[in-house]
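Single-structure report; data block below.
Chains as they are written, first to last, in my numbering: chain A, 1 to 427; chain B, 1 to 427.
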């Protein structure tokens, strides 16, 4: 049988990169197994919209099994599981359910939050690195507004209505903008017992500008747009810790708040790789060569945010953005499907961030867009990148509705956390 | 000031009944406070569709604050909270956040699961009496399929693929039908490593027929429709207990299963009412007179599923369905708004249940419908009863999509339970 001569490729993680490898690789040569700890592909660029009640999580999630029914994926199977160990000597990937032999493995597990060792920070802040975290953030923000609406203790009320976002990258800017819209447009209509002036949204960034990875102009435009939404932006301010509802900074200042949204650091998802001394080189990222092979470990590849690849013009490595992951995936899939290999070359198609409706910034080479045209471009690119027509349609409807009434229909404190999954195979 | 002479009405629960009272009562006479433990109105008739991945929870939930912006609700305020105590002497309603004085209070909190004292049953079965429970049920069903897809232990695999629904009322019939569709139409396309014949769906009912509250013909049609979906229906079978994955029955038979969906009993939501000896008369329901006043407690009213109201032709009290709650609410609101009172009179507009696509049953007086026409009627009635145009549109899109591809885009094991709400005001 031909199938028995096929080699097995295990892909760890079904994000933009992992799915693209599965899509482009030659399935007549490879038996492909996609392993993920969720049963769905998710769309991190829009997590902040889930957190701010603009979209429902299901609209930016797509089940792997549905996607893999497509003809491009014939020969790819989905295996649900958390990778507990990769043994580079035995060449196996272990999850809580099974041990899979591999001929090659692609790490495409992306990143998670980095708390830089600040003690207990993880327990007290809210984060946006997964769908579940975004839903939690939404529920917690709504819970604070409900609590404040009934609160007569001045100091608690002030803490409840102070929202601090730490980190001035795209996610930080986007969630701060969404909170600003809540303050400016929603409170008055829906929370009559809260004066909008009582709500305070603060964005704190350690550098002297916002959106450090984009152009100076984009950073300045984002700052202006946030100020229009009455977000207080504090630049050049380094956070020290957050203890007993007090957020303190290196300059000695403090902010009392019940809500800190942490977007200030990411690190590669930890994967226990055994049988080698090779370790991630920086912030959980694996050093890869021009072919995305992890240096020093045979048959192990890494792509996307979990990889660190040097390239001309990128002394610190290629940026951790979806287009890099998808382009690396395509090149890697082709290299694994042919006798000859070509080194990866990144084509930068530009970058974008949004602050609120009619407010976005786009850099394409030297070209800079802002305001409504940038915002429409941002929406178009994100709509088209979603998997599934149903999702695109539902997101489009939500955005159109949201444009007129700020998506108030989605400010739901849905609480499945009241009923934790009972399966004994929980992590 | 006029407002100071207004009396205060506290409504406990914002379901069909509670919202209708708030809608119809004269707000120039009453200062109305709506208290609910969720920040949204939910739509119990479609919980089973959330549980079976047909709809997203947000599509059948609607935020109170959004709804209360409508002109009919001017003068109604929403207070988030769990009612911890109602003191009928001091005339106060206490939640974890506040104590509200009332001149009149309406109990409209509905029902929750009744486990009839079977020890630990609550901990091992899945239920469908709230949005959060429905999401849990969805996640657990999907988790079992994922686990089975990788399972090589025959006996575990069999248990994982055996789904038992206990209770042959509308909810039981509906969820069993949805599981039957999963077996019949979805497994083959999306779970190549599971043979559809391996999956077993069993519906168990203690009585000798299904849908006891509907016509004989509806019960028989529902049975036929379920059999077409390869659901094993076991009638006249009384469940004893469910211990160590073994479901046992009064007749000595057993079924080994990892999944029991319990739809066999409801009871009024427990509300601690103090200062009186009056207690609920049956299954948590409060005995009310023809004006929905709770007998023996002044200024306390009860409507909907939590009330037990005798009426001609209903020796056991009016049925626990949405139309009763809404009609009682309207009459009560008018009675509280006028000098004269009229007794409640129920207008039965019929009842319906659905088994799967093109399969439903409808009773309207002597008229009986089944098959596709009943199914279209069922969809129309439920679409129109949803709050909010966005929800109606999104549900409609999901149903159209689902008709062609069985809504596979929503089979998401979204896991906010990984991140329980941290607020100190949790229950």
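We put the beta carbon where it would ideally sit given N, CA and C, even for glycine.
What you are looking at is a predicted structure, and each value in this text was computed from that prediction instead of being measured.
{"Item": "Roughly how many whole angstroms lie between the Cα atoms of residue 142 of chain B and residue 53 of chain B?", "Value": "9 angstroms"}
{"Item": "Just to confirm my understanding: we take residue 200 of chain B, look at its own chain, exclude 5 residues before and 5 after, and list those with CB closer than 6 angstroms. What are they?", "Value": "162"}
{"Item": "Just checking: is the beta-carbon of residue 417 of chain A within a distance shorter than 8 angstroms of some beta-carbon in chain B?", "Value": "yes"}
{"Item": "State the beta-bridge partners of residue 370 of chain B as determined by DSSP.", "Value": "B/361"}
{"Item": "Less than 8 angstroms between the beta carbons of residue 210 of chain B and residue 222 of chain B, yes or no?", "Value": "yes"}
{"Item": "Shorter than 8 angstroms from the beta carbon of residue 159 of chain A to some beta carbon of chain B?", "Value": "no"}
{"Item": "Using only CA atoms, which one of A/294, A/302, A/345 lies nearest to residue 312 of chain A?", "Value": "A/345"}
{"Item": "Below 7 angstroms between beta carbons is the criterion; list the residues of the region 380 to 394 of chain B that meet it against any residue of chain A, in chain order.", "Value": "388, 390, 391, 393, 394"}
{"Item": "Candidates B/27, B/84, B/317, B/60: which alpha carbon is nearest residue 68 of chain B's?", "Value": "B/27"}
{"Item": "Counting only runs that start and end within the region 90 to 135 of chain A, where is the beta strand (DSSP E) found for 3 or more residues in a row?", "Value": "92 to 95, 99 to 101, 104 to 107, 111 to 113"}
{"Item": "Exposed or buried, which one is residue 426 of chain B when buried takes at least 16 other CB atoms within 10 Å?", "Value": "Low local confidence applies: a pLDDT of 48 at residue 426 of chain B is under 50, so the model's placement there is unreliable, and no value is given."}
{"Item": "Assign residue 411 of chain B to one of three DSSP states: helix, strand, or coil.", "Value": "coil"}
{"Item": "Should residue 102 of chain A be labelled buried (16 or more other beta-carbon atoms within 10 Å of its own) or exposed?", "Value": "buried"}
{"Item": "Suppose only complete runs of 3+ residues qualify. What are the beta strand (DSSP E) ranges in the region 221 to 294 of chain B, listed by chain order?", "Value": "231 to 234, 239 to 243, 246 to 249, 254 to 256, 259 to 262, 266 to 268, 286 to 288"}
{"Item": "Determine, for residue 404 of chain A, whether the minimum Cβ-Cβ distance to residues of chain B falls below 8 angstroms.", "Value": "no"}
{"Item": "Thinking just about the alpha-carbon of each residue, which of A/49, A/151, A/37 is nearest to the one in residue 97 of chain A?", "Value": "A/37"}
{"Item": "For chain B, check one thing: does any of its Cβ atoms lie closer than 8 angstroms to the Cβ of residue 1 of chain A?", "Value": "With a pLDDT of 44 at residue 1 of chain A, under the threshold of 50, the modelled position of that residue is not reliable, and no figure is offered here."}
{"Item": "Anyone know if the C-beta pair for residue 239 of chain A and residue 166 of chain A falls short of 8 angstroms?", "Value": "yes"}
{"Item": "Here's a check: name, in chain order, each residue in its chain whose Cβ is nearer than 6 angstroms to the Cβ of residue 139 of chain B, leaving out the five neighbours to either side.", "Value": "413"}
{"Item": "Pop quiz: residue 265 of chain A and residue 113 of chain A are said to be a contact at Cβ under 8 angstroms. What is the actual Cβ separation, rounded to whole angstroms?", "Value": "7 angstroms"}
{"Item": "Measuring straight from C-alpha to C-alpha, what distance separates residue 175 of chain A and residue 35 of chain B?", "Value": "30 angstroms"}
{"Item": "Residues bridged to residue 7 of chain B by DSSP?", "Value": "B/30"}
{"Item": "For a test of the three-state rule: what should DSSP assign to residue 217 of chain A, helix, strand or coil?", "Value": "helix"}
{"Item": "Identify every residue that forms a DSSP beta bridge with residue 308 of chain B.", "Value": "B/287"}
{"Item": "Since residue 301 of chain A sits in a beta bridge, which residues does DSSP pair it with?", "Value": "A/106, A/293"}
{"Item": "For residue 203 of chain B, which option in B/216, B/237, B/215 has the closest C-alpha, if you only look at C-alpha atoms?", "Value": "B/237"}
{"Item": "Run through DSSP, which three-state label would residue 17 of chain B get?", "Value": "helix"}
{"Item": "So residue 306 of chain A packs on residue 285 of chain A, CB below 8 angstroms; how close in whole Å?", "Value": "6 angstroms"}
{"Item": "Do you know whose CA, among A/184, A/216, A/17, lies nearest residue 323 of chain A's CA?", "Value": "A/17"}
{"Item": "For the 8 angstroms Cβ check, are there 3 or more pairs between the region 118 to 131 of chain A and the region 38 to 50 of chain A?", "Value": "yes"}
{"Item": "What residues from chain B crowd round residue 335 of chain A, counting only those whose CB sits closer than 7 angstroms?", "Value": "In chain order: nothing, as chain B lies at least about 28 angstroms away."}
{"Item": "Near residue 2 of chain A, what residues of its chain come up, given a Cβ to Cβ distance below 6 angstroms and the 5 sequence neighbours on each side ignored?", "Value": "In this prediction, residue 2 of chain A scores a pLDDT of 47, lower than 50, which makes its location untrustworthy; the coordinate-derived value is nonetheless stated afterwards. Taken in chain order, the list of residues that qualify is empty."}
{"Item": "Check whether the region 211 to 221 of chain B and the region 74 to 93 of chain B are in contact - that is, three or more C-beta pairs closer than 8 angstroms.", "Value": "no"}
{"Item": "Please report how far the alpha carbon of residue 232 of chain A lies from the alpha carbon of residue 164 of chain A, in whole angstroms.", "Value": "9 angstroms"}
{"Item": "Could you tell me whether the Cβ of residue 10 of chain B comes closer than 8 angstroms to any Cβ of chain A?", "Value": "no"}
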